[in-house]
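J.: Numbering (full-length UniProt numbering), first residue to last: 1 to 727.
(1) Which class does residue 711 belong to by DSSP, given the choice of helix, strand or coil?
(2) Contact between the region 308-322 and the region 186-201: three or more CB pairs below 8 Å?
(3) Can you tell which of 492, 446 and 462 has the C-alpha that lies nearest to the C-alpha of residue 498?
(4) For the region 573-583 against the region 601-609, are there 3 or more C-beta pairs whose distance is under 8 Å?
(5) Can you list, in chain order, the residues of its chain with a C-beta nearer than 6 Å to that of residue 747? Leave out the 5 residues immediately preceding and following it.
(6) Taking the runs of the alpha helix (DSSP H) that are 4 residues or longer, which of them lie wholly in the region 101-162?
(7) Taking the alpha-carbon positions, what's the residue 417 to residue 370 distance?
(8) Can you tell me whether residue 358 is buried or exposed, with buried defined as 16 or more other CB within 10 angstroms of its CB?
(9) Could you work out which residue in 296, 549 and 456 is closest to residue 269 when comparing CA atoms only?
(10) Leaving out five residues before and five after residue 381 in sequence, what residues of the same chain have Cβ atoms less than 7 Å from its Cβ?
(11) When you compare each of 362, 344, 176 and 590 to residue 394 by their alpha carbons, which one comes out closest?
(12) Round the Cβ separation of residue 671 and residue 638 to the nearest angstrom and send it over; I've been treating them as touching at under 8 Å.
(13) Can you tell me the Cβ-Cβ gap for residue 137 and residue 94, rounded? I've got them flagged as a contact below 8 Å.
(14) Looking only at C-alpha atoms, which of 526, 522 and 547 sits nearest to residue 538?
(15) Are residue 183 and residue 208 touching if we call contact CB-CB under 7 Å?
(16) Please state if the CB of residue 150 and the CB of residue 30 are separated by a distance shorter than 7 Å.
(17) Spatial neighbours of residue 326 within its chain, please: C-beta separation below 6 Å, excluding the five flanking residues on both sides.
(18) Which residues mark the beginning and the end of the beta strand (DSSP E) in which residue 67 is found?
(19) Going by beta-carbon coordinates alone, are residue 211 and residue 139 separated by less than 7 Å?
(20) Roughly how far, in whole angstroms, is the beta-carbon of residue 56 from the beta-carbon of residue 9, given that I think they are within contact range, below 8 Å?
(21) Please state whether DSSP places residue 20 in a helix, a strand or coil.
(22) Output the distance between the C-alpha atoms of residue 682 and residue 154, rounded to the nearest integer angstrom.
(23) With 16 other CB atoms within 10 Å as the buried threshold, where does residue 47 fall?
(24) Would you kindly report the start and end of the unbroken beta strand (DSSP E) that includes residue 465?
(25) In three-state DSSP terms, what is residue 614?
(26) Taking just the CA atoms, how far does residue 397 sit from residue 646?
(27) So within the region 657-701, which uninterrupted beta strand (DSSP E) runs reach at least 3 residues, ignoring any that extend past its ends?
(28) What is the C-beta distance between residue 51 and residue 221, in whole angstroms, given that I count them as a contact (C-beta under 8 Å)?
(29) In whole angstroms, what separates the C-alpha of residue 695 from that of residue 677?
(30) Return helix, strand or coil for residue 371, following the three-state DSSP convention.
(31) My output table needs one value for residue 392: the three-state DSSP class, helix, strand or coil.
(32) Evaluate residue 36 with the Cβ neighbour count: other Cβ atoms within 10 Å of its Cβ, from every protein chain shown; 16 or more gives buried, anything less gives exposed.
(33) Are residue 165 and residue 113 touching if we call contact CB-CB under 7 Å?
(34) In three-state terms, what does DSSP make of residue 570?
(35) Using 8 Å as the Cβ pair cut-off and three pairs as the minimum, do the region 561-570 and the region 586-602 touch?
(36) What is the DSSP secondary structure of residue 33, reduced to helix, strand or coil?
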């Protein structure tokens with residue numbers, strides 16, 4: 001196995017660093033991919049990458065590319081591979097599947113097809129086959145789908161390589177080990193260490209940076225303390241080769257701990273939090289660095305130079321990002337204090353700051369000579385590098401509050417266009433809403449391409465959503481236009497600026513639609529067709545009321561008298577409120593979010609609904625629908641508006657509305673009385689109704705009737721059908 005092909009994965013943004021590192025293991029990088037590098041090499045170089053890579057997540061031995069334009073085609077291609085060379089017949093395996101295409105739309109389905117192909121290949125004449133073990137398999141199969149091709153390989157690493165084995169506890173904001181190593185590399189720490197420099201992290205948290213700095217300077221293999229690698233029960237494993245590499249790593253560790261020319265650099269971490277210092281100490285002990293790395297409880301305001309420290313070295317810190325607005329207001333003072341302490345104690349040193357709030361670099365009082373754009377998980381961040389010297393000194397400056405755009409008109413003519421459009425809409429849409437007794441409505445929905453906003457009125461308050469700008473529009477121009485809009489909106493609509501809330505609207509996945517955006521707790525009541533509903537414009541992506549479904553709710557209210565009502569994926573229960581106010585005899589509302597279940601219960605209470613007849617329960621609607629209907633689960637009217645996609649850990653499976661809607665509708669119809677009605681709605685713009693449903697049920701699309709005047713410009717906001725039992 002002298003000429004093998006590997007795909008080595010890493011955090012996004014580290015590909016070029018990883019490429020250089022792989023060369024030191026004897027690999028020949030071929031090309032970089034997003035979050036990874038393709039490289040050729042020997043099995044020994046693959047083992048070295050597993051043991052020595054400070055940057056990689058996984059080392060995947062590539063086996064083949066399989067055509068995968070359909071599930072059956074992918075299954076056949078996987079079945080054709082010689083799995084008997086890799087997986088023991090009496091062993092176990094798991095499949096890590098990533099990616100999707102038109103035919104394979106979720107990872108569970110993709111993983112199942114790959115597993116089936118492996119089992120079909122390996123199943124013996126007697127029926128014996130390997131088992132599937134999701135937690136501790138003998139072999140992990142990597143399957144990466146990109147368009148019509150599936151890249152299949154053996155994951156030699158097993159668990160992600162960033163897990164060195166020393167960190168089982170975490171601080172308040174843990175930094176992954178391989179990202180920490182990348183920051184140290186970008187700062188030039190290996191060269192500084194060889195030149196006799198020391199390392200200090202004045203806000204060390206759980207100690208990841210200082211431990212990685214010590215391991216790097218002392219030539220300790222990152223994988224040295226790991227209990228197991230993914231190749232150890234793989235049939236292609238060469239134990240003698242692996243043993244020789246482990247022995248070499250131990251010899252290098254022994255030599256490294258003797259220091260550079262007899263001197264071991266100082267490695268120091270400080271933090272003011274006693275609890276996190278205890279965690280750092282435990283991590284230090286597991287890493288085998290007691291007596292080499294020093295961890296102390298000490299705040300930045302107590303930071304001062306010690307005589308034993310070298311004349312040069314690296315200060316690297318990952319300070320708080322200020323994820324909450326209240327915290328961000330404190331960042332300027334924190335960064336200024338940090339800069340003052342480092343400038344006073346460590347002239348001649350190099351200073352690195354890794355931050356998700358890079359604008360506060362101005363508060364440090366040094367001019368950054370280099371900036372690297374990276375990611376801390378999914379959060380964009382920057383590494384700012386400074387030289388601590390007089391030539392780099394500058395007056396500390398307080399930045400604008402990040403995340404907020406100060407209203408300012410840069411182009412008066414462009415701003416006037418928006419002002420005139422809003423005033424026109426207030427005379428047309430606003431007047432229509434007042435005549436209809438509607439207090440919450442959409443006033444503007446990207447009417448002009450220059451201002452990609454949705455502007456909603458909530459009884460005297462304004463909710464502004466900025467659609468994410470296309471890549472063709474640079475960030476500065478987008479912020480400039482948003483600043484103009486925020487300057488124009490209050491006057492054009494006639495509201496106070498403090499009654500306006502602005503958010504950026506982006507595609508949501510997983511559980512992100514449930515996550516808090518802020519923590520103001522500012523709820524207030526609005527009114528709709530005689531119902532009282534609680535909304536919050538600040539704390540969540542959505543406000544608690546989907547304005548586009550107003551006609552659907554009104555129809556439910558007009559037709560609910562004497563009926564039993566079921567609201568699936570109920571959100572804040574607004575449709576249930578309308579059913580109860582309209583005279584529904586009882587109702588059941590289900591949602592998996594406890595926040596929204598409580599919100600729905602409060603909405604019903606606001607309208608005097610009897611809680612014993614109008615129940616709201618926290619439940620996974622997928623699992624609930626899959627169960628056998630009980631005698632009390634018969635309803636005359638059902639409303640179902642599921643999310644387009646969800647892979648929440650709280651759900652029994654993955655929801656893909658295009659793939660799953662047929663099953664959901666059929667299951668819901670099992671709970672509908674013979675003369676009952678199911679209202680099904682989705683906001684998936686490319687949605688196509690399963691044609692076989694129309695053969696089973698009487699289905700009528702009523703989308704046009706469910707769009708009020710304020711949403712007729714954006715007629716694709718949702719689609720809606722009425723489904724009845726076919727007579």
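Cβ atoms here follow ideal geometry from the backbone N, Cα and C, with glycine treated the same way.
T.: Judging by the given coordinates:
(1) helix
(2) yes
(3) 462
(4) yes
(5) With the chain covering 1 to 727 only, the question about residue 747 has no answer from this structure.
(6) 107-122
(7) 41 Å
(8) buried
(9) 296
(10) 354, 355, 356, 374 and 375
(11) 362
(12) 7 Å
(13) 4 Å
(14) 522
(15) no
(16) no
(17) Caution applies to residue 326, whose pLDDT of 43 falls short of 50 and renders its modelled position unreliable; the value that the coordinates give is listed next. Nothing listed; no residue qualifies.
(18) 58-67
(19) no
(20) 7 Å
(21) helix
(22) 40 Å
(23) buried
(24) 461-467
(25) strand
(26) 43 Å
(27) 672-682 and 697-701
(28) 5 Å
(29) 17 Å
(30) strand
(31) helix
(32) buried
(33) no
(34) coil
(35) yes
(36) strand
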